[in-house]
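> For the sequence shown, my numbering assigns the number 5 to the initial residue and increments by one for each residue that follows. Beta carbons are placed, not taken as given, at the ideal position from N, Cα and C, and that holds for glycine. The following block contains the structure, expressed as structure tokens.
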Amino acid sequence: MPTTRRLVVAAAAVGALTLTALTALILLEVLELLAGLTLGLLTCALGLILLVTVAVRRLDGKALRIDGRVKRQEVVLTKVTDALTRVAGRLDQVAEATEAHGSRREEDLRAILASLGEDRVNTMLVRQEIEGAIRDLGALVDTRLDGVQSALTRELKQDYRQIEAFVDLRSLIEPRAPMPELRGWAASPDIMRRLVTHVCEHRPGLIVECGSGSSSVWLGYAVERFGRGRVVSLEHDERYLALSRDLVRAHGLSHIVEVRHAPLRPWRRGDESWDWYDEEATRDLDGIGLLLVDGPPTATGPQARYPAVPALLERCAKDVHILVDDAARSDERAVIRRWLEEFPLEAADHAADHRAEKGLVTLTLAAP
């Protein structure tokens, strides 16, 4: 809708045009002077009436809009008033609750203030204890870190020795199929290098192995290249028996290595009893030049490998070498001590035995 200013300007412009037209008509003597003035006054009056009418209608519209806004604001104000009334009620409730608990809070505050002195002393004592614990923890961490560093250094050196031993093995042996894994449950590379070197130097005619697996294959290759005779591996577990036989067959060593089934049977000596390989499986083994003691598992009982010497020593050659794997374990060390006390054996001082990952001890018959 046009504003009042624009209406006035438009009315003035129309009036000016009307007066100009009347003046021109009077000058041209189309209208008489009196008639022209009368007509001009009527035109101005009609324009003024029209202007006033438009202005009044515009003012009425504004008044209606203002009235609508006022009503809306009144509704909002009513809502705000109700909300303030509810808030005031809640504040009154809070004030009442505060007054009810005021005395109780004062008592609590006095108790807290009274205990501050004692709490400060206790806090100082606790702080001293914490500081002492932190110092002890720091010392412990330093000690543990030194231990971890030492253990890691030993482990790295041991890994290097095992890699070095495996490289030596592969330079001595040229397998015809992928070789089984070493370490873990199987013998470590340093033990296998020691066995292969022994076969190369002493060429035993009969090698007996208590247990079977990776070592059976390596010993078979060593005999094939450097030695003579055969390898007999005693295995009590039928599942590992089949795996070891398949392994030997895959490397084409069945003519050298025999993986023999020897189930565990009760074996007695004096008042003691062990589970040992069936004597029927060892009855034909005479002239043993190398005896590798790597079974049965320790889970079969304490000092599980003790029967190896009393059961097989009479079947050994005079120049026999008995190699005991896992000699770092306390159970194996106890077995070796008993053997040295009860049988004519002596421990050979071999430099490679001392550095073996799992421990290795070599025994020979003592000189008469």
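Per DSSP, A351 forms a beta bridge with which residues?
Looking at the DSSP assignment, A351 forms a beta bridge with L367.
> Exposed or buried, what is R341 when buried is set at 16 or more other beta-carbons lying within 10 Å of its beta-carbon?
Exposed.
> Measure the CB-CB distance between V324 and V365 and report whether it falls below 9 Å.
Cβ distance not < 9 Å, so V324 and V365 don't count as in contact.
> Within 10 angstroms of the Cβ of R139, are there 16 or more other Cβ atoms? Answer buried if so, exposed if not.
R139 is exposed by the Cβ-count criterion.
> Which residue comes first and which comes last in the beta strand (DSSP E) that contains A321?
Looking at the DSSP string, the run of the beta strand (DSSP E) that includes A321 is 320-329.
> Between E345, D172, G72, G209, which has its C-alpha nearest G233's C-alpha?
G233 has its Cα closest to that of G209, out of E345, D172, G72, G209.
> Please classify C204 as buried or exposed, where buried requires at least 16 other C-beta atoms within 10 Å of its C-beta.
It is exposed - the Cβ of C204 has fewer than 16 other Cβ atoms within 10 Å.
> Classify R333 as helix, strand or coil using the three-state DSSP reduction.
If DSSP states are grouped into helix, strand and coil, R333 belongs with coil.
> My assumption, with CB atoms under 8 Å, is that V200 sits in contact with S220. Please give the rounded CB distance.
That pair is no contact at about 13 Å.
> Name the two residues that bound the continuous beta strand (DSSP E) containing I211.
Residues 210-214.
> Terminal residues of the continuous alpha helix (DSSP H) containing S192?
From DSSP, S192 is part of no alpha helix (DSSP H); its letter is neither H nor E.
> Can you tell me whether I70 is buried or exposed, with buried defined as 16 or more other CB within 10 angstroms of its CB?
Exposed, by the Cβ-count rule.
> Using the rule of at least 16 other Cβ atoms within 10 Å of the residue's Cβ for burial, across every protein chain shown, is E318 buried or exposed?
Answer is exposed; the Cβ neighbour count stays below 16.
> Between which two residues does the beta strand (DSSP E) harbouring G274 extend?
Note, G274: premise wrong, no beta strand (DSSP E); not H, not E.
> Could you tell me whether the region 281-290 touches the region 303-310, using the rule of 3 or more Cβ pairs below 8 Å?
No: the two stretches stay apart, fewer than three of their Cβ pairs being nearer than 8 Å.
> For S237, which beta-bridge partners are listed by DSSP?
Answer is E213, V263.
> Just to check my reading of the structure: A190 and P182 have Cβ atoms closer than 8 Å, yes? What is that Cβ distance to the nearest angstrom?
No, A190 and P182 are not in contact; Cβ-Cβ is about 14 Å, not under 8 Å.
> Tell me the residue span of the beta strand (DSSP E) that contains L294.
Its beta strand (DSSP E) spans residues 292-297.
> Using a 10 Å radius around the Cβ and a threshold of 16 neighbouring Cβ atoms, would you call S277 buried or exposed?
Under this definition S277 is an exposed residue.
> Go through its chain and collect everything with a Cβ distance to L316's Cβ below 8 Å, but skip five positions before and after it.
Closer than 8 Å at Cβ, skipping near neighbours: V212, T286, L289, I292, L295.
> Return the CA-CA distance between E135 and K161, expressed in angstroms with no decimal places.
Roughly 39 Å separates the two Cα atoms.
> Could you tell me the distance, in whole angstroms, from the CA atom of R198 to the CA atom of F170?
Those two C-alpha atoms are separated by around 11 Å.
> For a test of the three-state rule: what should DSSP assign to Y310, helix, strand or coil?
Of the three classes helix, strand and coil, the one that applies to Y310 here is coil, per DSSP.
> To the nearest angstrom, how far is it from the Cα of A87 to the Cα of K66?
Cα-Cα distance, rounded: 32 Å.
> Apart from the five residues just before and just after F347, which ones in its own chain have a Cβ nearer than 8 Å to its Cβ?
Same-chain partners within the cutoff: V313, P314, L317.
> In chain order, what residues of the same chain lie with their CB nearer than 8 Å to the CB of L173, ignoring the 5 residues before and after it?
Here the set comprises P193, M196, R197, V200, W222.
> In the DSSP assignment, what are the bridge partners of Y281?
Answer is L268, bridged to Y281.
> Which whole-angstrom value describes the C-beta separation of I177 and R229, a residue pair presumed to lie in contact below a C-beta threshold of 8 Å?
Indeed they touch by this definition, with Cβ atoms about 7 Å apart.
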